[in-house]
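Participant: Here it is: the structure, laid out below.
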């Protein structure tokens, strides 16, 4: 069962810059946008995250996988300032991000989404998107009553939001409350909203969870667009191995908080450490995070 | 007889006290309706506004404008003190802190050791002279059967004038991008954070703004009564204000104003009605004093329950909006 042959045409892996990089945990990369060192976080006696060293290559899609409880979401929370580590440092774009609060991390250009989607229910879809605009003068209390000071900026923001709505096929819902959207539409909304911030690094926490197969294909397309059309870096957590194999340029596997393997998706599925992590050390010779052949997959 | 009841109710519904409560309600609507902050001590802001005005004028002989400024400043300071430790925590902490702080302030102002400044339980008088000196209503009977005195007429005009102007301003604020951020915090503050919004700053601004409105409400209240006493500021004042916001329609522009007028109309009409019935001697063995207070509160409670069951969005709210799951 040769998985690689079924990589859909046009997935356009850009492994290029990482071609010569060793396939080992914590390996250095040629142009890292995010560098993590000695990051540790424990809850009571459980060490949720214990990452010695990790680099994320700029301009690529990096998939973060691992069994339940491996610390993927905790790592996201730490890196984006939503949680505070017990120890460790990390830098984004060469700037240390130590004790930066979550909103400041986002302003630096590292924007996340959430595993449990956070649609702002009692605001319209358009308002949800417009909230993503960064550095809006009208968001300052001192200027809020002086409409002429921000009207033009607001119009430009609206225009950008409308474009994204069209791109994410949410334009017919623009004036509906976000609370009326389906689960999959909320995922789209959240991704579009994150893009309104114009981040250089997008962190997607399970972007495909609970999304029907048809919508999955379109979401995958959007994620690839982030890399190909807009040159953004993407890190995403995902459990669906089809998705991981389909869009990642590089895969990092976490287990019990540690990085246990790294490599291009083709090699990660056969990595001993990854198989051990998923099935336990005394497994048979089967391959757990394998790519299913097309006839088993949900179709678009 | 019916006429008396209706006129009593109308008199209260448009009177200066209602205007003061409307200001409290507009402030609470900023906190609770737009930002999702649970402030259970709005009466504390009312108290510092009132004493902030009365103390410089009545005790230290300052002009009225000094009193007005110090009332505003006191509300800002109280908001900063309450917000700084609690706004980074879960919503409940602000609720606990504000309700306790409001009671602490009331006990402090009625304490005998603070009698020199606050007048203790007797409170303060004679700080409203300058306010009524500029009144354009020299007569002593206005609005026909409602029979408003000139002073009452002036306090009402100023109170409602300020309330309407400020609710227009609040409405415009909430429709600005700033208001959009506030509403996003109400919906999910982590989402707002993830989009680069400094949630703490916005919550603090909201707390200050709503608190200042409460403080202005307090100033209108004490100016209209021309006296201030600690026990005007019981915790139930806050809950009456909450009732008004919910009755009118949470997170709507006109809701707090409409809710206040309706609330005062109903509660005063009821009091007056019960008093009329009891005094006519239809119900034997019940004295007017006991019956009026208790009955009105029972009926208000029942009405509030009925409102939450049958029309939780208030008279002006959007039912569909309320049905949406918030998480």
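Protein chains in written order, with the working numbering: chain U, 34 to 333; chain Z, 39 to 365.
The beta carbon of each residue, even a glycine, is placed where N, CA and C say it ideally should be.
What residues in the stretch 153-172 of chain U have a beta carbon less than 9 Å from any beta carbon of chain Z?
Facilitator: Listed by position, the residues of the stretch 153-172 of chain U near chain Z (Cβ gap below 9 Å) are 153, 154, 155, 156, 160, 161, 163, 164, 165, 166, 167, 168, 169, 170, 171, 172.
Participant: What is the DSSP secondary structure of residue 248 (chain Z), counted as helix, strand or coil?
Facilitator: DSSP places residue 248 (chain Z) in helix when its eight states are reduced to three.
Participant: Rounded to the nearest angstrom, what separates residue 227 (chain Z) and residue 311 (chain U) at their Cα positions?
Facilitator: One C-alpha to the other measures close to 35 Å.
Participant: When we look at the beta-carbon of residue 183 (chain U) and count the other beta-carbons within 10 Å, is it buried (16 or more) or exposed?
Facilitator: Counting Cβ neighbours within 10 Å, residue 183 (chain U) comes out buried, since at least 16 surround it.
Participant: Identify the contact partners of residue 139 (chain U) in chain Z, using a Cβ-Cβ distance below 9 Å as the criterion.
Facilitator: Neighbours of residue 139 (chain U) on chain Z, chain order: 231, 232, 233, 234, 235.
Participant: Can the beta-carbon of residue 248 (chain Z) be found closer than 8 Å to that of residue 352 (chain Z)?
Facilitator: Against a cut-off of 8 Å, the Cβ pair of residue 352 (chain Z) and residue 248 (chain Z) comes out as no contact.
Participant: Just the Cα atoms here: how many angstroms apart are residue 262 (chain Z) and residue 189 (chain Z)?
Facilitator: For residue 262 (chain Z) and residue 189 (chain Z), the distance between alpha carbons rounds to 8 Å.
Participant: Does DSSP put residue 197 (chain U) in a helix, in a strand, or in coil?
Facilitator: Three-state result, residue 197 (chain U): helix.
Participant: Say whether chain U places a C-beta atom closer than 8 Å to the C-beta of residue 111 (chain Z).
Facilitator: With 8 Å as the cut-off, residue 111 (chain Z) does not count as an interface residue toward chain U.
Participant: What residues of chain U sit near residue 291 (chain Z), judged by a beta carbon separation below 7 Å?
Facilitator: The contacting residues do not exist; residue 291 (chain Z) stays about 14 Å from chain U at best.
Participant: DSSP three-state call for residue 300 (chain U): helix, strand or coil?
Facilitator: Residue 300 (chain U) falls in the helix class under three-state DSSP.
Participant: Give the C-beta separation of residue 94 (chain Z) and residue 108 (chain Z) to the nearest angstrom, bearing in mind that I take them to be a contact with Cβ-Cβ under 8 Å.
Facilitator: Confirmed, Cβ separation roughly 5 Å.
Participant: Mind checking whether residue 303 (chain Z) and residue 84 (chain Z) have CB atoms under 8 Å apart?
Facilitator: Not closer than 8 Å, so no.
Participant: Output the distance between the C-alpha atoms of residue 155 (chain U) and residue 320 (chain Z), rounded to the nearest integer angstrom.
Facilitator: Looking at the two C-alpha atoms, the distance is approximately 51 Å.
Participant: Give the single residue among Z:336, Z:148, Z:187, Z:215 whose Cα lies nearest to the Cα of residue 170 (chain U).
Facilitator: With distances taken between Cα atoms, residue 170 (chain U) lies closest to Z:215.
Participant: Go through its chain and collect everything with a Cβ distance to residue 166 (chain U)'s Cβ below 7 Å, but skip five positions before and after it.
Facilitator: So the list reads 190, 229, once near-sequence residues are dropped.
Participant: Which residue spans inside the stretch 80-118 of chain U form an unbroken beta strand (DSSP E) run of at least 3?
Facilitator: Complete beta strand (DSSP E) runs here, min 3: 94-98.
Participant: Given a threshold of 16 other Cβ atoms within 10 Å of its Cβ, counted over all protein chains shown, does residue 259 (chain Z) qualify as buried or as exposed?
Facilitator: Buried: at least 16 other Cβ atoms inside 10 Å.
Participant: Which class does residue 240 (chain U) belong to by DSSP, given the choice of helix, strand or coil?
Facilitator: Coil at residue 240 (chain U), not helix or strand.
Participant: Can you pull the chain U residues whose beta carbon is under 8 Å from the beta carbon of residue 219 (chain Z), in chain order?
Facilitator: In chain order: 164, 172.
Participant: Going by C-alpha distance, which of U:119, U:138, U:120 is nearest residue 128 (chain U)?
Facilitator: Closest option to residue 128 (chain U), Cα to Cα, is U:138.
Participant: Which residue's Cα is closest to the Cα of residue 173 (chain U): Z:88, Z:148, Z:236, Z:184?
Facilitator: Checking every option, the nearest Cα to that of residue 173 (chain U) belongs to Z:236.
Participant: Give a yes or no on whether 8 Å exceeds the smallest Cβ distance from residue 364 (chain Z) to chain U.
Facilitator: Low confidence applies here, because residue 364 (chain Z) scores a pLDDT of 46, under 50, leaving its location unreliable; read the following figure in that light. Residue 364 (chain Z) counts as touching chain U.
Participant: Cβ atoms of residue 237 (chain U) and residue 143 (chain U): under 8 Å apart, would you say?
Facilitator: No, Cβ-Cβ distance for residue 143 (chain U) and residue 237 (chain U) is not below 8 Å.
Participant: Can you tell me where the beta strand (DSSP E) holding residue 144 (chain U) begins and where it ends?
Facilitator: Looking at the DSSP string, the run of the beta strand (DSSP E) that includes residue 144 (chain U) is 143-145.
Participant: Rounded to whole angstroms, what is the Cα-Cα separation between residue 276 (chain Z) and residue 80 (chain Z)?
Facilitator: Distance between the alpha carbons of residue 276 (chain Z) and residue 80 (chain Z): 5 Å.
Participant: When the cut-off is 8 Å and only beta carbons count, does residue 130 (chain Z) lie next to chain U?
Facilitator: It does not; no Cβ of chain U falls within 8 Å.
Participant: Can you tell me whether residue 129 (chain U) is helix, strand or coil according to DSSP?
Facilitator: If DSSP states are grouped into helix, strand and coil, residue 129 (chain U) belongs with the strands.
Participant: What first and last residue would you give for the alpha helix (DSSP H) that runs through residue 150 (chain U)?
Facilitator: Here residue 150 (chain U) belongs to no alpha helix (DSSP H), and DSSP marks it neither H nor E.
Participant: Counting only beta-carbon atoms, is residue 201 (chain U) nearer than 8 Å to chain Z?
Facilitator: False, the Cβ-Cβ gap to chain Z never drops below 8 Å.
Participant: Name the DSSP bridge partner or partners of residue 17 (chain U)?
Facilitator: Given that chain U is displayed from residue 34 to residue 333, the structure contains no residue 17 (chain U) and the question cannot be resolved.
Participant: Using CA atoms only, rank isn't needed, just tell me which of Z:77, Z:136, Z:331, Z:284 is closest to residue 343 (chain Z).
Facilitator: Out of Z:77, Z:136, Z:331, Z:284, Z:284 has the C-alpha closest to the C-alpha of residue 343 (chain Z).
Participant: Residues in the stretch 224-241 of chain U with C-beta within 8 Å of chain Z's C-beta atoms, listed in sequence order?
Facilitator: The residues in question are 226, 227, 229, 230.
Participant: Check the Cβ of residue 207 (chain Z) against every Cβ in chain U and list those closer than 8 Å, keeping chain order.
Facilitator: Those within 8 Å of residue 207 (chain Z) in chain U are 178.
Participant: Whose C-alpha, out of U:70, U:92, U:62, U:107, is nearest the C-alpha of residue 80 (chain U)?
Facilitator: Checked all of U:70, U:92, U:62, U:107; the closest Cα to residue 80 (chain U) is U:107.
Participant: Nearest-angstrom Cα distance between residue 337 (chain Z) and residue 256 (chain U)?
Facilitator: Their backbone Cα atoms lie some 58 Å apart in a straight line.
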